[in-house]
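Novice:
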Amino acid sequence: MDTPPTLLVIAHGSRDPRHAATVSALCARVRALRPGLRVEVGYLDFNAPAVPRVLERLSAEGVRDVVALPLLLTRAFHAKSDIPAVLREATSRLPQLTVHQADVLGPSALLTAALERRLEEAGLRPGDRRSTGVVLAAAGSSDPEAIAVIAETAREWRRTSGWCAVRPAFASASLPRTADAVRALRADGAARVAVAPYVIAPGRLPDRIAHGAREAGADVLAPVLGPAPELARLLLRRYDEAAPAPDALLRLPALIA
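Everything in the sequence shown is counted per numbering that gives the first Met the number 0, starting at 0 for the first residue and increasing by one.
1) Just to confirm the assignment, what range does the alpha helix (DSSP H) spanning Leu54 have?
2) Considering only DSSP beta bridges, list what Ile9 is partnered with.
3) Where do the N-terminal and C-terminal ends of the alpha helix (DSSP H) with Gly211 fall, by residue?
4) Rounding to the nearest angstrom, what Cα-Cα distance links Ala256 and Leu233 in this structure?
5) Among Ala10, Arg14 and Glu60, which one has its Cα closest to the Cα of Leu71?
6) If we ignore side chains and look at the alpha-carbon of each, how far apart do Arg116 and Val103 end up?
7) Ala168 bridges to which residues according to DSSP?
8) Tell me the DSSP secondary structure of Asp127 in three-state form.
9) Measuring alpha carbon to alpha carbon, tell me which residue in Ala112, Val50, Val133 and Arg87 is nearest Ala195.
10) For Thr73, which residues of its own chain have a beta-carbon under 7 angstroms away from its beta-carbon, when the five flanking residues on both sides are left out?
11) Out of Ala24, Ala186, Arg128 and Val198, point me to the one whose CA is closest to Phe169's CA.
12) Scan the stretch 71–121 and note each continuous beta strand (DSSP E) run of 3 residues or more that stays entirely inside, going in chain order.
13) Should Ala113 and Leu230 be called a contact, given that it needs their Cβ atoms to be closer than 8 angstroms?
14) Taking just the CA atoms, how far does Asp64 sit from Asp1?
15) Rounded to a whole number of angstroms, what is the C-alpha to C-alpha distance between Val29 and Ala137?
16) Report yes or no: do the stretch 49–60 and the stretch 118–131 share at least 3 C-beta pairs separated by less than 8 angstroms?
17) Report the rounded CA-to-CA distance for Pro94 versus Ala241, giving the unit in angstroms.
18) Just the C-alpha distance for Asp206 and His18, rounded to the nearest angstrom, thanks.
19) State yes or no: is the C-beta of Pro143 within less than 8 angstroms of the C-beta of Ala153?
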């Protein structure tokens with residue numbers, strides 16, 4: 000059986016130690032879903048190992064194919080410019096290594112399923128849907144495409160979920176802020192307001208989302224997506240889409256997970 004391409008998960012990184020711990024837990028879940036797949040992590044900033052160092056080590060060990068998967072929910076600066084530049088620079092020095100860049104994670108029904116899981120864990124029940132407005136609280140971006148994707152995700156989630164409303168909000172770069180979205184839902188008559196952080200790992204911006212939720216008196220604040228099983232399955236889906244001729248036997252565990 001041919002060795003499948005190594006999966007390199009590219010995370011942003013953070014000074015907050017919870018960030019790297021969450022990324023590690025998510026990758027451990029991916030490994031459990033796909034025995035035989037080598038999964039590595041590299042960071043763009045703050046944490047080690049940096050992406051170029053991981054690629055250098057893989058090349059030195061004889062790895063020839065890598066799928067580089069951005070741990071990002073939308074296509075913004077990091078996915079469009081930063082990560083491709085890092086990969087180009089590294090592979091120009093490592094000509095024996097072929098790197099295939101996978102797509103970002105969102106949008107995906109698996110992400111909204113993970114959001115639903117986190118809201119349920121925070122205490123919401125199916126009978127709460129018609130009286131509950133949800134704030135889809137993202138990190139924020141100056142990229143119009145990324146903002147439009149978040150807005151469309153909120154609309155689609157509302158259409159398919161039964162929540163009385165779903166409104167986007169942002170922790171930085173864009174408006175409205177989380178607290179303003181909570182107040183707007185309350186003013187529109189939502190009996191209960193829940194904040195669903197649309198972020199993968201804890202850090203400065205997720206803390207800002209939580210602060211806004213508390214400031215505005217949200218009834219429910221869900222945890223970040225973290226190592227949700229739906230997120231792990233989505234990583235494998237993006238890997239499979241980018242990997243050249245993946246082995247069907249190695250794909251099977253993720254398909255039935």
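All C-beta atoms in this analysis are idealised placements derived from N, C-alpha and C, irrespective of residue type, glycine included.
Specialist: On the basis of the data shown:
1) Val50 to Ala59
2) Gly41 and Pro69
3) Arg203 to Glu214
4) Here Ala256 scores only 31 on pLDDT, less than 50, and its place in the model is too uncertain to base an answer on.
5) Ala10
6) 21 angstroms
7) Ala136
8) helix
9) Val133
10) Val103, Gly105, Ser140, Ala145, Val148 and Ile149
11) Val198
12) 97–100
13) yes
14) 11 angstroms
15) 24 angstroms
16) no
17) 19 angstroms
18) 12 angstroms
19) no
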